[in-house]
Structures are given as C-alpha cells and as structure tokens.
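J.:
Residue numbers (our numbering): 82 to 244.
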C-alpha cells in the first residue's frame, strides 16, 4: 500500500515528465520505495505499476535489471563486489571469496546478525581501480586488497558498536 507521503513523492517525480511519459519516473519511484521500506517487494512493484498506469511486469523488469534495487530485505551494510572481467583479472573473485570467508556467508546472503549482505555486481565503472566494491549503493571502494576489506568490515562493525 502506497502511503499519502509516498504518493506525494511519486507525484513530484512524475511531474518532471510529459503526461504521456509518466512511466519514465519508474526508477525514481523505485528508489523512493527502497528508501522508505529498505527493499522493493512484489506488492510495491504492483502498487507502483498501478500508480504509473503500466504493466506490473514493466516495473519488475526494471527492478530485476538493476542490482541497486533490493528485492528482499538486506543487511545494514550491502557490500557489492564487482566481478566483471576487469575486476576478475585484478582479484575481484578473490575479494568476494575473502569476504564470504570473513563474514561467514555466501554471495547473496545476509549475516545472521543482519549487519552485512554480500552481493556480486556487474561493472561499477572503475576498472582502473580494480578490484572495486560499492557499499550501500553509495560509497565506492577501490583497490580492495584483503587487508583493506578486513579494515572496511571491521571499521563498519566498530562504528556501529558491533566489534
């Protein structure tokens, strides 16, 4: 169910486009849903589709195409490790494996304490800085050696009083 506050935010995004192009606001509206709920549920996709006047599958295609949209609840910190070819050649897969071991989860899982979700991602556009990762879809981390990965995870835990 879309709240009135959420609908007002949707209205502001839709107003940026000609009336016949209201579906162009789908990405901004998905970001609003995720910001408010932490993830985009199937119900939220259906509600957004109805609001925009488009097929639910059209919204679902956007949600599933971009890895910035969470389709289920994630941990406080979502760690996306780039495993595209340039990062693979410079240790991206090893970085992912190292984090799996350190966190005790596999790619796509969340730690038991709900603190970290570990994901792989496609190109993050920083190939020269490989291996790279993105924290919470906002903070890019470059040249992620095992030592830097350890410091990042330990620092996030310490900052949240989880050390």
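Glycine included, each C-beta is placed from N, C-alpha and C at the ideal position.
Where DSSP assigns a beta bridge to residue 197, which residues make up the other side?
T.: Its beta-bridge partners are 158.
J.: Quick one: residues in its chain with C-beta nearer than 8 Å to the C-beta of residue 88, no 5 flanking neighbours on either side, listed in chain order?
T.: Once the five neighbours on either side are set aside, the close Cβ partners of residue 88 are 132.
J.: What are the start and end residues of the beta strand (DSSP E) that includes residue 222?
T.: From DSSP, the beta strand (DSSP E) with residue 222 extends over 220-222.
J.: Across the segment 179-191 and the segment 224-231, are there enough close Cβ pairs to call them in contact, namely three or more that are closer than 8 Å?
T.: The segment 179-191 vs the segment 224-231: in contact.
J.: Taking the alpha-carbon positions, what's the residue 121 to residue 192 distance?
T.: So the two alpha carbons sit approximately 20 Å from each other.
J.: From what residue to what residue does the alpha helix (DSSP H) around residue 143 run?
T.: Start and end: 137-146.
J.: Buried or exposed, going by whether 16 or more other CB atoms sit within 10 Å of the CB of residue 220?
T.: Looking at its Cβ environment, which holds fewer than 16 other Cβ atoms inside 10 Å, residue 220 is exposed.
J.: Within 10 Å of its beta-carbon, does residue 74 have 16 or more other beta-carbons around it, so buried, or fewer, so exposed?
T.: One cannot answer for residue 74 here, as it falls past the ends of the chain, which runs 82 to 244.
J.: In the structure shown, what three-state DSSP assignment does residue 216 receive?
T.: Strand at residue 216.
J.: Roughly how many angstroms lie between the CA atoms of residue 152 and residue 235, to the nearest whole one?
T.: Their Cα atoms are separated by approximately 27 Å.
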